[in-house]
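Participant:
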Amino acid sequence: MKTTKQAVAFIPSHESRSAKRERQELQDQAVAGGQEPFWKKLGLLVGDEEGTDTVSRLQPFGPHSFRGPHRLHPAPHRASTMTFAAAYPFIAESGLGHEGTYIGSDVFGSGAFAYDPWVLYDKGVISGPSIVVIGTVGTGKSMCGKSFVARSITLGRKAAVASDPKGEWVPVANAVGGKVISIGPGRSTRVNPLDAGPRSRDLTNEQWRAVVRQRRRQLLVALVSLMRQGVPMHPVEHTALDMALTEAVAANDTPTLPMVLGYLLNPSKETRELVGPDGGRAVAHSLRRTVSGDLEGMFDAPSTVSFDAEAPMMVMDTSALIRASEQALSLAAACGATWLEAAITNPDGGKRIVVYDEGWRMLADPYMLVKMSEQWRLARTYGISNLLIMHKVADLNEIGDSTSGHRQKALGLLTEADTRIIYRQKHDSMSLTKDALGLTEAECSQVEELPKGVGLWKVGNRSFIVANEVTSDELTVFSTDHRMLP
28 MKTTKQAVAF
38 IPSHESRSAK
48 RERQELQDQA
58 VAGGQEPFWK
68 KLGLLVGDEE
78 GTDTVSRLQP
88 FGPHSFRGPH
98 RLHPAPHRAS
108 TMTFAAAYPF
118 IAESGLGHEG
128 TYIGSDVFGS
138 GAFAYDPWVL
148 YDKGVISGPS
158 IVVIGTVGTG
168 KSMCGKSFVA
178 RSITLGRKAA
188 VASDPKGEWV
198 PVANAVGGKV
208 ISIGPGRSTR
218 VNPLDAGPRS
228 RDLTNEQWRA
238 VVRQRRRQLL
248 VALVSLMRQG
258 VPMHPVEHTA
268 LDMALTEAVA
278 ANDTPTLPMV
288 LGYLLNPSKE
298 TRELVGPDGG
308 RAVAHSLRRT
318 VSGDLEGMFD
328 APSTVSFDAE
338 APMMVMDTSA
348 LIRASEQALS
358 LAAACGATWL
368 EAAITNPDGG
378 KRIVVYDEGW
388 RMLADPYMLV
398 KMSEQWRLAR
408 TYGISNLLIM
418 HKVADLNEIG
428 DSTSGHRQKA
438 LGLLTEADTR
448 IIYRQKHDSM
458 SLTKDALGLT
468 EAECSQVEEL
478 PKGVGLWKVG
488 NRSFIVANEV
498 TSDELTVFST
508 DHRMLP
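Below, the structure is given as structure tokens:
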């Protein structure tokens with residue numbers, strides 16, 4: 028029986044450089060002079076003899092021994108991240124698609140990265156439209172939020188900022204044709220927190236009056252609580268406040284805080300019979316600060332401006348209160364939140380991004396935390412996307428310890444957000460960040476090394492490293508470092 032000779036070369040992984048050089052010289056000689064194959068001279072392979080079965084003797088080899096004398100040079104091939112994700116599912120991410128607002132480039136996928144919470148919710152990628160952005164100072168988190176909001180407006184979305192304590196969103200609103208309400212000491216703007224706000228067309232007169240009354244009552248209770256620094260009201264005080272509000276509305280369809288205060292200090296005969304002559308006096312003194320002292324001239328008169336629900340962007344500028352008390356800032360935020368609630372609960376309001384900048388301050392305010400929790404739960408019903416921007420998860424430690432109910436509720440807003448954008452964090456903050464936002468060890472190592480303008484996007488169960496890209500015109504509007512430049 029005659030068999031066909033077979034020859035396969037195996038190169039030992041431990042071969043020295045001189046041995047490789049000798050093998051190459053022998054190969055060149057064999058090719059040039061028609062001599063026998065070089066592998067026989069090296070003793071790497073002994074072929075079979077004619078008339079016998081094929082028998083090969085191989086020299087010992089290591090993990091790289093299948094590297095032969097001939098090298099492969101495949102032609103370069105370019106493909107989309109979708110194709111590579113199918114070919115190499117654990118290496119390349121296919122992206123979220125082209126629909127939505129352009130954010131920048133996918134660092135690992137090298138493609139454009141676009142995002143829209145409503146589109147992704149419709150596709151089932153995320154279960155809720157709320158977003159959390161976290162990053163230390165100077166890492167680009169504010170730039171990311173502003174570019175997302177401003178570009179979304181060009182696609183037909185709307186935006187609202189309940190409180191802008193540093194005035195950073197004012198130029199953004201001006202750039203997109205929005206409106207700004209600036210309040211503070213010495214300014215002519217007056218905001219009446221008891222305004223009814225935009226009315227929903229789906230409500231009857233009776234339903235609308237009930238909604239407005241409930242909204243006003245909640246705000247008054249919140250204002251008293253703020254002035255008392257969280258001390259709860261007694262049942263008699265609740266009754267006195269309800270009676271004062273009812274009498275103020277009976278006298279004027281759009282009451283003001285001084286009107287309610289007047290009925291608390293000088294109760295009617297019916298009120299005195301229910302709560303006594305001094306039942307509402309303590310509440311009156313708590314509420315009095317909203318119309319005097321450091322808050323005088325801001326919330327104590329009929330509104331000179333109105334929340335325009337049709338404007339592409341509305342900003343409540345509270346930067347003039349930067350040196351004011353915490354109660355003043357909280358009161359301004361509460362008034363802005365009340366106006367905002369009236370706008371976003373309107374079914375005709377359209378899809379809107381609600382921005383909460385300086386998130387640690389918002390989360391520390393009990394009234395704002397309650398409002399934010401409601402909007403988180405009802406975001407799909409209202410058609411809104413909440414955007415919470417803060418420095419780090421460790422800021423929640425200022426609210427309370429791990430056993431604090433207030434802190435747990437605030438932490439719940441972070442964990443319930445299905446889109447989490449994390450810019451560079453310091454190493455000592457990563458433990459809390461990892462637990463709160465559900466990061467993996469690999470993601471934590473990436474976050475600690477991220478350069479400025481690059482963030483980790485966790486969208487649903489998928490992760491992306493995205494470089495936020497802005498134009499020179501956008502940089503002029505969005506940047507907050509202009510005072511640091513020479």
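Count along the sequence shown from 1, then add 27; that gives the number in our numbering.
Even glycine gets a Cβ: it sits at the ideal position worked out from N, Cα and C.
(1) Go through its chain and collect everything with a Cβ distance to Ala-406's Cβ below 8 Å, but skip five positions before and after it.
(2) Taking the C-alpha atoms as reference points, what is the distance between Tyr-142 and Glu-475?
(3) How long is the line joining the alpha carbons of Val-302 and Ala-360, rounded to whole angstroms?
(4) Alpha carbon to alpha carbon, how far is Asp-462 from Glu-233?
(5) Three or more C-beta pairs under 8 Å: does that hold for the region 161-181 against the region 124-142?
(6) Where do the ends of the alpha helix (DSSP H) carrying Leu-396 lie?
(7) Would you please state the rounded distance, in angstroms, between the beta carbons of Tyr-394 and Leu-253? I believe it to be under 8 Å.
(8) According to DSSP, is Trp-66 part of a helix, a strand, or is it coil?
(9) Going by beta carbon distance, what residues of the same chain come within less than 7 Å of Arg-44, once the five residues before and after it are set aside?
(10) Might you give, ordered along the chain, the residues of its own chain that have their beta carbon closer than 6 Å to the beta carbon of Gly-211, omitting 5 neighbours on each side?
(11) Which same chain residues end up closer than 6 Å to Val-420 when comparing Cβ atoms and leaving out the 5 residues on each side of it in sequence?
(12) Would you grab the beta carbon distance between Leu-268 and Leu-247 for me? Rounded to a whole angstrom, and I think it's under 8 Å.
(13) Give me whichever residues DSSP pairs with Val-381 in a beta bridge.
(14) I'd like to confirm the pairing. Which residues does DSSP put opposite Met-340 in its beta bridges?
(15) Can you tell me which of the three DSSP states Val-207 falls into?
(16) Using a Cβ-Cβ cutoff of less than 8 Å, which residues in the same chain neighbour Ala-309 once the five nearest sequence positions on both sides are dropped?
(17) On the DSSP bridge list, what partners appear for Trp-484?
(18) I need the boundaries of the alpha helix (DSSP H) containing Phe-175, first residue and last residue.
(19) Could you give the distance in angstroms between the alpha-carbon of Gln-245 and the alpha-carbon of Gly-289?
(20) Who are the near neighbours of Val-481 in its chain, counting only those whose CB is closer than 6 Å to its CB and skipping five residues on each side?
(21) What residues match up with Asp-133 in a beta bridge as DSSP calls it?
(22) Pairing CB atoms from the region 330-343 with CB atoms from the region 191-209, are three or more of them under 8 Å?
(23) What's the gap between the Cα of Gly-192 and the Cα of Glu-300?
(24) For Pro-329, which of Thr-266, Ala-223 and Trp-387 has the nearest alpha-carbon?
(25) Pick out whichever of Val-318, Leu-292, Thr-266 and His-261 has its Cα sitting closest to the Cα of Thr-283.
(26) Exposed or buried, Asp-422, counting other C-beta atoms within 10 Å across all chains shown (16 or more means buried)?
(27) Write down the C-beta distance between Ile-426 and Leu-390 rounded to the nearest angstrom, noting that I regard them as a contact closer than 8 Å.
(28) Within the continuous alpha helix (DSSP H) that includes Phe-505, where are the two ends?
(29) I'd like the list of long-range same chain contacts for Lys-68, defined as Cβ closer than 7 Å, with 5 residues on each side in sequence excluded.
(30) Rounded to whole angstroms, what is the Cα-Cα separation between Arg-214 and Met-457?
(31) Would you mind reading off the limits of the beta strand (DSSP E) that contains Ala-141?
(32) With DSSP as the reference, label Val-159 as helix, strand or coil.
(33) Given this structure, state the Cα-to-Cα distance separating Leu-544 from Pro-304, to the nearest angstrom.
(34) So, is Pro-259 buried or exposed, given that buried needs 16 or more other C-beta atoms within 10 angstroms?
(35) What residue ranges within the region 229-306 form continuous alpha helix (DSSP H) runs of no fewer than 4 residues, ordered along the chain?
(36) Per DSSP, Thr-128 forms a beta bridge with which residues?
Facilitator: Looking at the atomic coordinates:
(1) These residues qualify, in order along the chain: Gly-155, Pro-156, Ser-157, Ser-412 and Asn-413.
(2) So the alpha carbons of these two residues sit roughly 24 Å apart.
(3) Approximately 31 Å between the Cα atoms of the pair.
(4) In this structure, the straight-line span from the alpha carbon of Asp-462 to that of Glu-233 is close to 47 Å.
(5) When Cβ pairs closer than 8 Å are counted between the two stretches, the region 161-181 is seen to touch the region 124-142, the count reaching three or more.
(6) Here the alpha helix (DSSP H) through Leu-396 covers 393-404.
(7) Right, their Cβ atoms sit about 7 Å apart.
(8) Because the pLDDT at Trp-66 is just 48, under 50, the model does not fix this residue reliably, and the value given afterwards should be weighed accordingly. Looking at Trp-66 - three-state DSSP - the assignment turns out to be helix.
(9) The same chain holds no residue with a CB closer than 7 Å to that of Arg-44 once the five nearest residues on each side in sequence are set aside.
(10) Cβ neighbours of Gly-211 beyond the five flanking positions: Ala-347 and Leu-348.
(11) Excluding its 5 nearest sequence neighbours in each direction, Val-420 has C-beta neighbours in its own chain below 6 Å: Leu-459, Thr-460 and Ala-463, listed in chain order.
(12) Confirmed, about 6 Å.
(13) BP columns for Val-381 point to Ala-187 and Asn-413.
(14) Beta-bridge pairing links Met-340 to Ala-186.
(15) Secondary structure at Val-207: strand, using DSSP grouped into helix, strand and coil.
(16) Glu-264.
(17) In the DSSP assignment, Trp-484 is bridged to Ile-448 and Phe-491.
(18) Phe-175 -> alpha helix (DSSP H) spans 168-181.
(19) Their Cα atoms are separated by approximately 19 Å.
(20) In its chain, beyond the 5 residues on either side, Ala-494 have a beta carbon closer than 6 Å to the beta carbon of Val-481.
(21) Answer is Val-493, bridged to Asp-133.
(22) Note that the region 330-343 touches the region 191-209; at least 3 beta-carbon pairs, one per stretch, sit closer than 8 Å.
(23) It should be pointed out that residue 192 corresponds to Pro in this sequence rather than to Gly. The alpha-carbon separation between Pro-192 and Glu-300 amounts to approximately 44 Å.
(24) Checking every option, the nearest Cα to that of Pro-329 belongs to Ala-223.
(25) That would be Val-318, whose Cα lies nearest to the Cα of Thr-283.
(26) By the 10 Å Cβ count, Asp-422 comes out buried.
(27) A Cβ-Cβ separation of about 6 Å places Ile-426 in contact with Leu-390 under the 8 Å criterion.
(28) The continuous alpha helix (DSSP H) containing Phe-505 extends over residues 499-505.
(29) Only weak support is given to the placement of Lys-68: the predicted model assigns it a pLDDT of 49, under 50, and the question is left unresolved by the model.
(30) Between Arg-214 and Met-457, the alpha-carbon positions lie close to 43 Å from each other.
(31) Taken as a continuous stretch (DSSP letters only), the beta strand (DSSP E) holding Ala-141 covers 139-142.
(32) The answer is strand: DSSP assigns Val-159 an E or B state.
(33) Look at the range of the chain in this structure, 28 to 513, and you will see that residue 544 is not part of it.
(34) Burial call: exposed.
(35) Runs of the alpha helix (DSSP H) inside the region 229-306: 232-254, 262-278, 284-292 and 296-302.
(36) Tyr-142.
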